[in-house]
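One structure is given here, and the rest of the page talks about it.
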Amino acid sequence: VKLFQQHINYVAGEKSWLMLKMSLDDGWHTYWKNPGDSGIPFEIQWNLPQGFKISEIQMQAPEIIVINDLVNFGFHDEVILLMQLDIADNLASNKSYKINADLSWLVCKEVCIPEAIKLDFIVNLKDKAKINNKLSQQFAQQLGKLPIALPAKHYFYQDEENIIVNVKLNNQLAEAFKD
2 VKLFQQHINY
12 VAGEKSWLML
22 KMSLDDGWHT
32 YWKNPGDSGI
42 PFEIQWNLPQ
52 GFKISEIQMQ
62 APEIIVINDL
72 VNFGFHDEVI
82 LLMQLDIADN
92 LASNKSYKIN
102 ADLSWLVCKE
112 VCIPEAIKLD
122 FIVNLKDKAK
132 INNKLSQQFA
142 QQLGKLPIAL
152 PAKHYFYQDE
162 ENIIVNVKLN
172 NQLAEAFKD
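Right under this line is the structure:
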């Protein structure tokens, strides 16, 4: 597990992104925030200095992982977790703050193994922000993969044979039926 920061230097009163990247061994998978029928999602317990907040984990859309009769949602190969760091505007500049995190997750192949790690990193507050140019493209690419909220009225229901999904976009109704 590796942690990447969008900025090298931060400014009080601004937001920035953090990215956790985890590579999985061949054949292994881990779970999305909604793991499906089995599994456990990633959990992060932050130890934050006063004046700092971190958003919920943001993840790209998962793969569907079917194991026997269980339908799960997760990832093979690589997992990217994005969180937004929010820094209060009343913090002093030219000061460094240490942030700690306890991460836990489940990896599975033929068996499942709980994993955990402790991470810490430094946030340097300065008078002027400095973006990490080496990672700008990677952050933009990963942020572009995040699901966006559907700006539409939608609902679904199930009858005896079908799951019916209705989505209304610009006064047009779209329906999808699963066999």
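Its first residue numbered 2, the sequence shown is counted upward by one per residue in my numbering. Just so it is clear, CB atoms sit at the ideal spot from N, CA and C, and this is done for glycine as well. Model, not experiment: these values are computed from the prediction.
- The residues A130, in chain order, have a CB closer than 6 Å to that of V12 in the same chain once the five nearest residues on each side in sequence are set aside.
- Where F157 is concerned, there is no enclosing alpha helix (DSSP H), although the beta strand (DSSP E) around it starts and stops at 154-159.
- Around the C-beta of Y156, fewer than 16 other C-beta atoms lie within 10 Å, and the residue is accordingly described as exposed.
- Less than 9 Å separates the beta-carbon of L21 from that of K3.
- DSSP, reduced to helix, strand and coil, places N134 within a helical segment of the structure shown.
- Beyond the five residues adjoining it in sequence on each side, I58 comes within less than 7 Å, by CB distance, of K34, F43, I45, L82, M84 in the same chain, given in chain order.
- The beta carbon of Q61 lies closer than 8 Å to those of I81, Q143, K146, L147, P148 in the same chain, with the five residues before and after it left out.
- Here the alpha carbons of I55 and L120 stand approximately 15 Å from one another.
- Taking C-alpha positions only, G37 is separated from N69 by approximately 13 Å.
- Between F140 and D87, the C-beta spacing is not below 9 Å.
- Straight-line spacing of the CA atoms in I65 and G75 works out to 7 Å.
- If you draw a 10 Å sphere on the C-beta of A102, you find 16 or more other C-beta atoms in it, and that means buried.
- In its chain, beyond the 5 residues on either side, W29, T31, I114, E116 have a beta carbon closer than 6 Å to the beta carbon of V108.
- DSSP, reduced to helix, strand and coil, places Q6 within a strand of the structure shown.
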